[in-house]
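Undergrad:
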Amino acid sequence: MATVDMLGVPPAAYIHAYVSTTYDSTTGTWNNLDCGGEVAKINITHSTSTNNQNFTIIEAGYYVVDASFRLEDADSGTVRSIRITVGGTTVAWEDYKPLDTGEQIHEINFVTHLNLDASDVVVCQMYHDHGAGREIEAGSTASYLKLLKVR
Amino acid sequence: MATTEDILGQYPFAYIYANTTSTAQNIGTGSMTSVLFNAEQSKTSITHSTSTNTDQFTIVQAGYYIIDASIAIGESTGGDVRTLQITVNGAQYSIEDKPPLNPPYADNAQHMMHHSTGNFAVNDIIRLQVYQDSGGGLDLIVDVNKTYMKIMRVR
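In the order they appear, the protein sequences are chains E and G.
Following our numbering, the residues of the first sequence are numbered contiguously, the last one being 151.
Following our numbering, the residues of the second sequence are numbered contiguously, the last one being 1155.
1. Starting from H16 of chain E and walking both ways along the beta strand (DSSP E), at which residues does that stretch end?
2. Which first and last residues belong to the beta strand (DSSP E) in which G1118 of chain G is found?
3. Suppose contacts are defined by Cβ-Cβ distances below 8 Å. Is R70 of chain E in contact with G131 of chain E by that definition?
4. Determine the chain E residues that contact Q1110 of chain G at a beta-carbon separation under 9 Å, and present them in chain order.
5. Given a threshold of 16 other Cβ atoms within 10 Å of its Cβ, counted over all protein chains shown, does V122 of chain E qualify as buried or as exposed?
6. Alpha carbon to alpha carbon, what distance is there between R1082 of chain G and P1099 of chain G?
7. Among E:S76, E:D129, E:L147 and E:G36, which has the Cα closest to the Cα of L116 of chain E?
8. Residue range of the beta strand (DSSP E) that D1097 of chain G falls in?
9. Along the region 1114 to 1147 of chain G, where does the CB come closer than 7 Å to a CB of chain E? Name the residues.
10. Out of G:S1051, G:N1145, G:N1053 and G:A1024, state which residue places its alpha-carbon closest to the alpha-carbon of E94 of chain E.
11. Can you tell me where the beta strand (DSSP E) with C124 of chain E in it begins and where it stops?
12. Please go through the region 57 to 138 of chain E and give each complete beta strand (DSSP E) segment of 3 or more residues, from N-terminal end onward.
13. From V1154 of chain G to K1043 of chain G, what does the alpha carbon distance come to, in whole angstroms?
14. Can you list the residues of chain G that N115 of chain E reaches, using a CB-CB cut of under 8 Å?
15. What residues in the region 42 to 68 of chain E bring their beta carbon closer than 9 Å to a beta carbon of chain G?
16. Would you kindly check if the distance between the Cβ of I1141 of chain G and the Cβ of D1107 of chain G is under 8 Å?
17. For the region 1123 to 1140 of chain G and the region 1051 to 1059 of chain G, state whether three or more C-beta atom pairs, one from each stretch, are separated by less than 8 Å.
18. Within the 8 Å Cβ cut-off, does L1101 of chain G reach chain E?
19. Beta-carbon within less than 8 Å of D100 of chain E's beta-carbon, same chain only, minus the 5 sequence neighbours each way: which residues are those?
20. Does the CB of M1032 of chain G have a neighbour CB from chain E at under 8 Å?
21. Looking at C-alpha atoms only, which residue of E:R83, E:H106, E:D73 and E:V39 is the closest neighbour of G133 of chain E?
22. Looking at the C-beta of P1104 of chain G, does it have a partner C-beta in chain E at a distance below 8 Å?
23. Tell me whether the beta-carbon of Q1061 of chain G lies closer than 8 Å to the beta-carbon of S1045 of chain G.
24. I need the straight-line Cα distance from D1068 of chain G to Y23 of chain E, nearest angstrom please.
25. Is the Cβ-Cβ distance between S1116 of chain G and S1094 of chain G less than 8 Å?
26. I'd like the span of the beta strand (DSSP E) that includes V1088 of chain G, first residue to last.
27. Helix, strand or coil for T1077 of chain G? Go by DSSP, reduced to three states.
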């Protein structure tokens, strides 16, 4: 667990990273959330250039996970999904219904909390079976991952 | 509610991560059903039995909590809705409806989550319930990372 400081307050650990360049996600497979931008980062390891889907925990503890995807969508296929993996194992997963024809943007938000150890590698992934590539839109409020240590 | 800080200025911790390892629970069509949890990954200062009344989580420390509930249920596009509900002392506390889906995943399941927060008192009893109207029973998937209940005290 995280060490407490002289005032009894555990060190903060927080990151808000986001997709900085819109990219195409592949149909029928899990796509990483590639985060080339950061709004804030403290006590979590993340690179905006190399393996930028990986978030490595420094301070063990309990974290709230807040993830969003802004997906180009058009009501084809059966499902849109978000999952969180830790060390390659899926630990949280939610499915969503594709939006009706006419909706060009599907914004999916996902929250969970996890008990994480130091060196754990967290990855957020997204799935769709639209039948063709769909864009994951760039932007710090569009497609992002936030991790906040609460205990 | 009274919550006392310890000498480090920390509020007492309370946490449970419960799941099931038994035969998949069948959720009947048309009735709200409490989910049974007969295994625990972690438990601190929340009362829960893995053998008796396994649907019940009893608060030991008053305070503010985050609830993270996850269900994987057999896929079916039958009916109109799948619902996750949290009850406190038998009364509806939070509820979320989902459309029925038939995803192409190997586990033949629809994956649903529901989140809630609350200021709970000592002896409050929390349950997770599921509703589906597919027209027949649907099994919950036995998987520690798919069908579980996490309750964490944050203040």
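Cβ coordinates follow ideal geometry from the N, Cα and C atoms, glycine included.
Here the structure is a predicted model, which is why all the values come from computation and not from measurement.
TA: In this structure, then:
1. Boundaries of the beta strand (DSSP E) harbouring H16 of chain E: Y14 to Y18, taken from the DSSP string.
2. Where G1118 of chain G is concerned, the enclosing beta strand (DSSP E) stretches over A1109 to F1120.
3. No.
4. The CB of Q1110 of chain G comes closer than 9 Å to the CB of V79 and D95 in chain E, given here in chain order.
5. For V122 of chain E, the number of other beta carbons within 10 angstroms of its own is at least 16, and it is reported as buried.
6. Rounded to the nearest whole angstrom, the C-alpha separation of P1099 of chain G and R1082 of chain G is 6 Å.
7. Nearest C-alpha to L116 of chain E: E:L147.
8. Secondary structure note for D1097 of chain G: its beta strand (DSSP E) is the uninterrupted segment A1091 to K1098.
9. Correct list: H1115, N1145 and K1146.
10. The shortest C-alpha separation from E94 of chain E is found at G:N1145.
11. V121 to H128 is the extent of the beta strand (DSSP E) around C124 of chain E.
12. The qualifying runs are 61 to 72, 80 to 86, 89 to 96, 105 to 116, 121 to 128 and 134 to 136.
13. About 15 Å.
14. Those within 8 Å of N115 of chain E in chain G are Y1015, Y1017 and S1042.
15. Listed by position, the residues of the region 42 to 68 of chain E near chain G (Cβ gap below 9 Å) are Y62 and V64.
16. Judged by beta-carbon spacing, I1141 of chain G lies within the 8 Å limit of D1107 of chain G, meaning their Cβ atoms are closer than that value.
17. Because the criterion of three Cβ pairs below 8 Å is met, the region 1123 to 1140 of chain G and the region 1051 to 1059 of chain G touch.
18. Under the Cβ criterion of 8 Å, L1101 of chain G is counted among the residues facing chain E.
19. The beta carbon of D100 of chain E lies closer than 8 Å to those of D75 in the same chain, with the five residues before and after it left out.
20. Chain E, which has no Cβ nearer than 8 Å to the Cβ of M1032 of chain G, makes this no.
21. The option with the nearest alpha carbon to G133 of chain E is E:D73.
22. Closer than 8 Å: yes.
23. Result yes, Cβ atoms of Q1061 of chain G and S1045 of chain G sit closer than 8 Å.
24. C-alpha separation (whole angstroms): 31 Å.
25. Taking 8 Å as the cut-off, the beta carbon of S1116 of chain G is found closer than this to the beta carbon of S1094 of chain G.
26. Unbroken beta strand (DSSP E) run through V1088 of chain G: R1082 to V1088.
27. Three-state DSSP puts T1077 of chain G in coil, outside helix and strand.
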